[in-house]
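Worksheet for the structure shown next.
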Amino acid sequence: MKKHLWSLIAFVCLILLTVASATEGANRGVAIKIKNESGKEVTLYGESHALVIGVSAYQAGWPKLPGVVNDVEVVKKLLTRQGFEVVTVLNPNKDKLLKAYDDFIQNYGSNPDNRLLFYYAGHGFTEHKSYGGDIGYIVPADAPVPEKDKAAFAAKAIDMQQIESFAKRIDAKHALFLFDSCFSGSIFDMTRAVPE
4 MKKHLWSLIA
14 FVCLILLTVA
24 SATEGANRGV
34 AIKIKNESGK
44 EVTLYGESHA
54 LVIGVSAYQA
64 GWPKLPGVVN
74 DVEVVKKLLT
84 RQGFEVVTVL
94 NPNKDKLLKA
104 YDDFIQNYGS
114 NPDNRLLFYY
124 AGHGFTEHKS
134 YGGDIGYIVP
144 ADAPVPEKDK
154 AAFAAKAIDM
164 QQIESFAKRI
174 DAKHALFLFD
184 SCFSGSIFDM
194 TRAVPE
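Structure (structure tokens):
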């Protein structure tokens with residue numbers, strides 16, 4: 004619980020540091036403008052959009068995470084106050100989770116003047132591969148526990164390579180991915196080691 008609270012506090016601080024000066028006086032849907040070094044007003048961001056995903060009601064053996072629903076509401080309120088239009092998705096299965104990322108990026112990721120924030124709260128998992136690398140996963144509501152059914156887990160979980168693939172489709176000026184989940188340090192560790 005303490006670790007979860009510190010993660011939420013760190014997230015709030017990160018958001019405030021990242022957007023406080025840029026959004027001073029900004030309202031939802033209004034372009035964020037700043038003055039450059041010569042005093043000329045320039046648009047920093049045309050629009051601000053956030054995708055906030057929370058998974059708390061797992062269906063296939065993972066422990067439920069009752070605090071996630073509250074976290075999603077807190078994050079949504081904070082981001083809204085900072086000028087973001089927020090899309091929330093609660094307890095998605097794999098298909099709904101992939102569709103949420105895909106739709107969000109298709110709708111908001113092609114505008115280079117946008118700033119995007121992706122927040123995921125839920126279980127994460129690290130698979131230690133035989134070649135020495137690790138693969139991190141986010142866990143949708145319908146993914147089984149890997150120790151019980153490794154093949155079904157791999158078919159339902161979403162690996163960080165998929166998240167990286169989504170990120171590469173984004174043309175927005177600023178995109179930030181935040182994960183409030185346990186990966187044991189393997190997030191985006193995509194080492195391609197050759198077995199010796």
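Numbering (my numbering), first residue to last: 4 to 199. Using N, Cα and C, we set each Cβ at its ideal position, and we do this for glycine too.
Straight-line gap, residue i to residue j (C-alpha atoms, nearest Å)
i, j, result
"W133", "D116", "Note that residue 133 is Ser in the sequence shown here, rather than Trp. Cα-Cα distance, rounded: 43 Å."
"G127", "D183", "9 Å"
"F180", "A103", "14 Å"
"D162", "G135", "17 Å"
"R172", "D152", "32 Å"
"C185", "F107", "24 Å"
"E40", "S59", "46 Å"
"A155", "E167", "22 Å"
"G64", "A158", "15 Å"
"E130", "K79", "31 Å"
"L82", "N114", "20 Å"
"V148", "D74", "23 Å"
"D192", "G49", "Any reading at D192 must be qualified, since the residue scores a pLDDT of 43, below 50, and its modelled position is unreliable; no value is offered."
"D105", "Q165", "11 Å"
Anticipated Cβ contact below 8 Å, residue i with residue j, distance rounded
i, j, result
"V72", "G57", "6 Å"
"A175", "Y111", "7 Å"
Residues sharing a beta bridge with residue i, DSSP
i, result
"H126", "The partner list for H126 (beta bridge, DSSP) is empty, contrary to what the question assumes."
"V55", "T91 and Y122"
Would you mind listing the beta strand (DSSP E) stretches within the region 62 to 107 that are 3+ residues and don't spill past its ends, in chain order? 88 to 93
Tell me whether the region 90 to 101 and the region 143 to 160 touch, counting them as touching only if at least three CB pairs, one residue from each stretch, are closer than 8 Å. yes
Check whether the region 77 to 88 touches the region 49 to 56, counting contact only when three or more Cβ pairs, one atom from each stretch, lie closer than 8 Å. yes
Could you tell me which uninterrupted alpha helix (DSSP H) segments, each at least 4 residues in length, are contained entirely in the region 142 to 189, listed from first to last along the chain? 153 to 159 and 163 to 171
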